[in-house]
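A.B. asks: Residue numbers (UniProt numbering): 1 to 118.
For each residue, glycine too, the CB sits at the ideal point set by N, CA and C.
Provided herewith is a single structure, encoded as structure tokens, for subsequent inquiry.
Here's what the structure looks like:
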């Protein structure tokens, strides 16, 4: 009811204009300030059964859908895998053979320098 009064007041003070989403914030701010009292908050909590505390306000069957989240987590133990010698060589560059790496570089640069015609 209070919102309707504030909207009517706004429309009377702004003839020829309509209330848009730009004005709603200012209008509701006035009405909310009047409606938001401590007693209103207490009434809301009392009407829902949250205050004073009523542990039976929600029956047990309402919590059943949440039981699917109560599954214990698996504690799988992951063992490290054996690393191949090629991977070990990559980790230690001094172990890589000089001839194999340089021959690959030379082969790739010579092919790039001399493109083949179609």
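1. If you compare alpha carbons, which of 43, 60 and 59 is closest to residue 52?
2. Return the CA-CA distance between residue 57 and residue 77, expressed in angstroms with no decimal places.
3. Rounding to the nearest angstrom, what Cα-Cα distance links residue 9 and residue 15 in this structure?
4. How long is the line joining the alpha carbons of residue 2 and residue 13, rounded to whole angstroms?
5. Excluding the 5 residues preceding and the 5 following residue 17 in the sequence, name in chain order all residues of the same chain whose CB lies nearer than 8 Å to its CB.
6. Counting only runs that start and end within the segment 23-48, where is the alpha helix (DSSP H) found for 4 or more residues in a row?
7. If distances are taken between C-alpha atoms only, which option among 61, 64, 70 and 4 comes closest to residue 30?
8. What did DSSP end up calling residue 102 once you bin it into helix, strand or coil?
9. Starting from the C-beta of residue 23, find all residues in its chain whose C-beta is less than 8 Å away, skip the five residues before and the five after it, and write them out in chain order.
C.D. replies: On the basis of the supplied data:
1. Among 43, 60 and 59, the Cα nearest to that of residue 52 is on 43.
2. Taking the straight line joining both Cα atoms gives about 43 Å.
3. One C-alpha to the other measures close to 10 Å.
4. Spanning the alpha carbons of residue 2 and residue 13 requires a straight line of approximately 17 Å.
5. Excluding residues within five positions, the ones whose Cβ falls inside 8 Å are 11.
6. Counting whole runs of 4 or more residues, the segment 23-48 contains the alpha helix (DSSP H) stretches 38-48.
7. Nearest in C-alpha terms to residue 30, of all of 61, 64, 70 and 4, is 4.
8. With a pLDDT of only 48 at residue 102, under 50, the local geometry of the prediction cannot be trusted, and the value read off the model is given with reservation. Residue state for residue 102 is assigned as helix, using DSSP reduced to three classes.
9. Around residue 23: 10.
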